[in-house]
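The next block holds one structure in the form of structure tokens; read it before the comments.
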Amino acid sequence: MRKYLLVAAVAAIVGLALDASPALARKHKEPSASGREIRIGNIMPYSGPASAYATIGKVEAAYFKKVNDEGGISGRKIRFISVDDGYNPAKAVEMARRLVERDQVLLIFNPLGTPSNTAIRGYMNKKKVPQLFVASGASKWGDPEHFPWTMGGQPNYQSEGRIYAQHILKRRPNARIAVLYQNDDYGKDYLQGFKDGLGAEAKRIVAEASYEVTDPTIDSQIIALRSSGADVFFNISTPKFAAMAIGKAYDLGWHPIQYLNNLSISVGSVLKPAGLEKSIGLISVAYYKDPTDKRWEDDPAIKEWKAFMQQYYPQGNASDSLNVYGYLLAQMLEQVLRQAGDQLTRANVMHAAANLKDLQLPLALPGVKVNTSPTDYFPFESMQLQRFDGKQWVLFGEVVGR
Amino acid sequence: MNPANRKAVPATAAELRAAAVVLALALLLPLALDGYQLFQLTQVLAYAIALLGLNLLSGYNGQVSLGHGAFCAIGAYAAAILMTRFGLPYWLAVPAAGVVSLLAGLLFGLPALRLGGLHLALATFGLGLALPQLLKYKGLEAWTGGVQGIVLSKPEAPFGLPLDQDLWLYYFTLSATLPMFWVARNLIRGRIGRALVALRDAPIAAVAMGVDSARYRLFAFGVSALYAGVAGALAAVAVQFVAPDSYTIFFSIALLVGIVIGGLGSISGALYGALFIQFVPNIADELSSAAPWAIYGVFLLACAYLLPQGVAGALRRLAIRNARKG
Chain C
763 MRKYLLVAAV AAIVGLALDA SPALARKHKE PSASGREIRI GNIMPYSGPA SAYATIGKVE
823 AAYFKKVNDE GGISGRKIRF ISVDDGYNPA KAVEMARRLV ERDQVLLIFN PLGTPSNTAI
883 RGYMNKKKVP QLFVASGASK WGDPEHFPWT MGGQPNYQSE GRIYAQHILK RRPNARIAVL
943 YQNDDYGKDY LQGFKDGLGA EAKRIVAEAS YEVTDPTIDS QIIALRSSGA DVFFNISTPK
1003 FAAMAIGKAY DLGWHPIQYL NNLSISVGSV LKPAGLEKSI GLISVAYYKD PTDKRWEDDP
1063 AIKEWKAFMQ QYYPQGNASD SLNVYGYLLA QMLEQVLRQA GDQLTRANVM HAAANLKDLQ
1123 LPLALPGVKV NTSPTDYFPF ESMQLQRFDG KQWVLFGEVV GR
Chain E
25 MNPANRKAVP ATAAELRAAA VVLALALLLP LALDGYQLFQ LTQVLAYAIA LLGLNLLSGY
85 NGQVSLGHGA FCAIGAYAAA ILMTRFGLPY WLAVPAAGVV SLLAGLLFGL PALRLGGLHL
145 ALATFGLGLA LPQLLKYKGL EAWTGGVQGI VLSKPEAPFG LPLDQDLWLY YFTLSATLPM
205 FWVARNLIRG RIGRALVALR DAPIAAVAMG VDSARYRLFA FGVSALYAGV AGALAAVAVQ
265 FVAPDSYTIF FSIALLVGIV IGGLGSISGA LYGALFIQFV PNIADELSSA APWAIYGVFL
325 LACAYLLPQG VAGALRRLAI RNARKG
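Protein sequences appear in the order of chains C and E. Here our numbering runs 762 ahead of the position in the first sequence, where the first position is 1. Here our numbering runs 24 ahead of the position in the second sequence, where the first position is 1.
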């Protein structure tokens, strides 16, 4: 009996060792940019219900490889360590701890998912590690007073919801509105902004239906929304479900004016699977250039991006706007790191991130400038409305917001 | 007095030696580990408690539960609510959470008495599916924090002991794991364990011999829920966050995987199963970032074919073979 217990103990130690292999070399180094390497952590849902977003992590990895090929930052190479949390907050906590404690990263960049980021926020702020450009538009990421190490990286969901509400009030003041939303932080944030934007007219919402990320389909929700007789539909769902909703609504013969949340505007991963003809008339917002938009065909930034995709991320989908988002954010981080100069400490990086002034990134829409300050932790606050014409998104109106 | 009715079964010398080795390892190894590894080990201990409970119900008593994650969630949320709403210290909240999940287990187990086999599996599956959504339900949001979950604060070592928080959390979890293992071992080796196994293997004969089927089956449900609840509470304290997304049906299935891989109907199996659930997904991830779940599946298949009685069973066979040789 003792023998097999010893075997078990050895197995356990081996298991731990396997998991901790680089740890033997680690001992307490100064985190980050020691020597010639800048270690950047990233948490993405490579598996699970939100895996459509994982391409963001991959395009970012490709971007940093390009930066390295071009000489790195101040002579230092970037080591981009991207791990999977499966969209599970408890796993995200474990991964954050691993990145910070085992891999000794300088910062965690663009971690994705509102619940996962909520789970790690306390830890990141306690350990004073930047949780930078969170891939989530939840309004809670702009709270420098309580969480000075956490900064958002997407336009605020509530602002976007408000923009749609105001457009509806202007164009269809007698609308009957139906809403589909994902039953989590992100869905509820959008809904809140939307209702705030409607103000007293919030009673125009005649039907609300929610779904879980673990649901296999949302057919019943769409059927219920259709039967409410609504003529305006606000679709707050992530790519997989948005595609289902768009397709199902059309198939049921329901053709409301549909507002689609910005997370799911990708032609490649949402509209094509839903059916391009079924997506005609969809309204959303944009803050960066859509690669399928003919308007940007000769745009130097888009051409550069397409060349980059060919060379560094050929397996990526060149019509998926998520791949533009990842590139855009990676460029933003590069800017922050260069601004932090030679003193690449965590505090300095955070300081640089909180002092971006009128940064017009080439892939962002003209007029959409990144602005942050020690009291403003929302880098993207302006957007422009756009409508899908069956082939691409066409911008209309003006850039709104700050 | 009839020795068969004695409550506690004395340990053999060999068992005590083995326990001493394991205890020494459990107490001393952590001193050499860093915060992240301690965090992982703490989770392993919590999983082990949950698996112990599930094994009691499904392994020893044959009542298959496909939704045991729900009891972990109940325990986790009970602890979180007690800590944040009622200001209970964590070391009180954990046992209190155990009591809450015990009650939940009894409540669920009572109507479940009418069900057997696949129907019970389906009922528990339903529980496992429903609970995360219930936790997000608007009406309960004031208590559960809805989709936002509940953030907990990290416990400090008591009496100002100069212990790292992670180290303290590990020892605290260990101090719960050890007695729970000991109690489970005594339960299984004693009268109750025999009754549970008899009800699994030959229910008609057992009832004919005077074993109260309803009472013991309900007992199994309650106790296994208690174990799961304590495990959930301990894990919640270690992660400092409870959210409905952590307790999806996949988690319940992972628990089932744990007891089968570890070894159904074995106490030590709970520990092996916990090590499997905690580390194999990470190993799979490092082996292949493109298809980690495929690797995980391969691991599972390999274990199913090579270790039909789980790791514990395989080790037992090894020990028997060595004893025969020597």
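Note that the Cβ used here is the ideal one computed from N, Cα and C, for glycine as well. Note that the coordinates shown come from a computational prediction; the quantities given were computed from them, not determined experimentally.
Closer than 9 Å at the beta carbon, the chain E residues around residue i
{"i": "C/K950", "result": "G170, V171, Q172"}
{"i": "C/Y825", "result": "Simply none; closest approach about 17 Å."}
{"i": "C/P1001", "result": "Those do not exist, as C/P1001 stays about 18 Å from chain E at its closest Cβ, beyond 9 Å."}
{"i": "C/A962", "result": "In chain order: nothing, as chain E lies at least about 22 Å away."}
For residue j and residue i, the rounded distance between their alpha carbons
{"i": "C/N830", "j": "E/P203", "result": "54 Å"}
{"i": "C/A969", "j": "C/L1038", "result": "26 Å"}
{"i": "C/L780", "j": "E/I73", "result": "Low local confidence applies: a pLDDT of 48 at C/L780 is under 50, so the model's placement there is unreliable, with the coordinate-based value given in what follows. Cα-Cα distance, rounded: 24 Å."}
{"i": "C/Y1075", "j": "E/Y194", "result": "43 Å"}
{"i": "C/W1067", "j": "C/Q1093", "result": "11 Å"}
{"i": "E/A100", "j": "E/L164", "result": "15 Å"}
{"i": "C/A964", "j": "C/L1127", "result": "31 Å"}
{"i": "E/S270", "j": "C/G819", "result": "22 Å"}
{"i": "E/F303", "j": "E/F275", "result": "15 Å"}
{"i": "C/I840", "j": "E/G253", "result": "44 Å"}
{"i": "C/V975", "j": "C/M886", "result": "26 Å"}
{"i": "C/Y943", "j": "C/D1151", "result": "24 Å"}
{"i": "E/R30", "j": "E/R213", "result": "At E/R30 the pLDDT is 46, less than 50, meaning the model places this residue with poor confidence and gives no usable figure here."}
{"i": "E/L112", "j": "C/T817", "result": "43 Å"}
Close Cβ partners of residue i (< 6 Å) along its chain, the five nearest in sequence each way excluded
{"i": "C/F995", "result": "A940, P1018, Q1020"}
{"i": "E/R209", "result": "I291"}
{"i": "C/Q1101", "result": "A1114"}
{"i": "E/A308", "result": "P316, I319, Y320"}
Same chain, Cβ closer than 8 Å to residue i, neighbours up to 5 away in sequence not counted
{"i": "C/N850", "result": "G810, S878"}
{"i": "E/F265", "result": "G173, I174, V175, L176"}
{"i": "E/E310", "result": "none"}
{"i": "E/L144", "result": "Q87, V88, S89, A136"}
{"i": "C/K1051", "result": "W1058, D1061, A1063, I1064, V1086, L1125, A1126, L1127"}
{"i": "E/L130", "result": "L242, F245, G246, A249"}
{"i": "C/G837", "result": "R798"}
Close beta carbons around residue i, own chain, < 7 Å, minus the five adjacent residues each side
{"i": "C/A992", "result": "R938, I939, A940, V968, A969, P1018"}
{"i": "C/H790", "result": "Residue confidence is low: C/H790 scores 40 on pLDDT, short of 50, so the model does not pin down where it sits. Its coordinate-derived value is still stated next. If we look at C/H790 and ignore the five residues flanking it on each side, it has no Cβ neighbours."}
{"i": "C/G1129", "result": "S1144, V1161"}
{"i": "C/Q916", "result": "A897, S898, G899, F1142"}
{"i": "E/A42", "result": "none"}
{"i": "C/M1071", "result": "G1078, A1080, N1085"}
{"i": "C/S990", "result": "A940, V968, A969"}
{"i": "C/D1104", "result": "S836"}
{"i": "E/A238", "result": "L137"}
Per-residue contacts from residue i into chain C (C-beta, under 8 Å)
{"i": "E/W317", "result": "S809"}
{"i": "E/A252", "result": "Going along chain C, no residue has its Cβ under 8 Å from E/A252, so there is no contact; the nearest lies around 15 Å."}
{"i": "E/G59", "result": "R859, E863"}
{"i": "E/Q189", "result": "Residues of chain C passing the Cβ test: none, with the nearest at roughly 10 Å."}
{"i": "E/F63", "result": "E856, R859"}
Chain E contact residues for residue i, given Cβ-Cβ distances below 8 Å
{"i": "C/P978", "result": "Those do not exist, as C/P978 stays about 12 Å from chain E at its closest Cβ, beyond 8 Å."}
{"i": "C/D947", "result": "V171, Q172"}
{"i": "C/Y1075", "result": "By Cβ distance, chain E contributes nothing, its closest Cβ being about 14 Å from C/Y1075, past 8 Å."}
Within chain C, partners of residue i - CB distance below 7 Å
{"i": "E/Q157", "result": "E974"}
{"i": "E/T272", "result": "T976"}
{"i": "E/K160", "result": "N945"}
Boundaries (first-last residue) of the beta strand (DSSP E) holding residue i
{"i": "C/R841", "result": "839-846"}
{"i": "E/G293", "result": "No beta strand (DSSP E) contains E/G293, which is instead part of the alpha helix (DSSP H) from 293-311."}
{"i": "E/I73", "result": "Where E/I73 is concerned, there is no enclosing beta strand (DSSP E), although the alpha helix (DSSP H) it sits in stretches over 59-78."}
Segment limits, alpha helix (DSSP H) that includes residue i
{"i": "E/N346", "result": "334-349"}
{"i": "C/W1155", "result": "No alpha helix (DSSP H) holds C/W1155; the beta strand (DSSP E) holding it covers 1155-1163."}
{"i": "C/E822", "result": "816-831"}
{"i": "C/G834", "result": "It is not in any alpha helix (DSSP H) - C/G834 carries neither H nor E in the DSSP assignment."}
Partners in chain C for residue i, counting only beta-carbon separations shorter than 9 Å
{"i": "E/Q264", "result": "V855, A881, G884, Y885"}
{"i": "E/V175", "result": "T880, A881, R883, G884"}
The ligand MG heavy atom lying under 7 Å from the CB of residue i
{"i": "C/L1106", "result": "Ligands displayed in this structure: none; no statement on the ligand MG is therefore possible."}
Partner residues on chain E for residue i, Cβ-Cβ distance less than 7 Å
{"i": "C/N850", "result": "D269, S270"}
{"i": "C/P1062", "result": "The contacting residues do not exist; C/P1062 stays about 33 Å from chain E at best."}
- Go through the region 108-140 of chain E residue by residue and report every complete run of the beta strand (DSSP E) that reaches 3 residues or more, in order. No beta strand (DSSP E) of 3 residues or more sits fully in the region 108-140 of chain E.
- At what residue ranges does the region 922-1005 of chain C contain a whole run of the beta strand (DSSP E), taking only runs of 3 or more? Listed in chain order, they are 939-944, 967-973, 994-998.
- Message: For a minimum of 3 consecutive residues, which ranges assigned as the beta strand (DSSP E) are wholly contained in the region 1014-1041 of chain C?
- Response: For the region 1014-1041 of chain C, the full-length beta strand (DSSP E) segments reaching 3 residues or more read 1019-1022 along the chain.
- Message: Which complete alpha helix (DSSP H) runs does the region 159-237 of chain E hold, if anything under 4 residues is left out?
- Response: For the region 159-237 of chain E, the full-length alpha helix (DSSP H) segments reaching 4 residues or more read 165-168, 189-213, 215-225, 227-232 along the chain.
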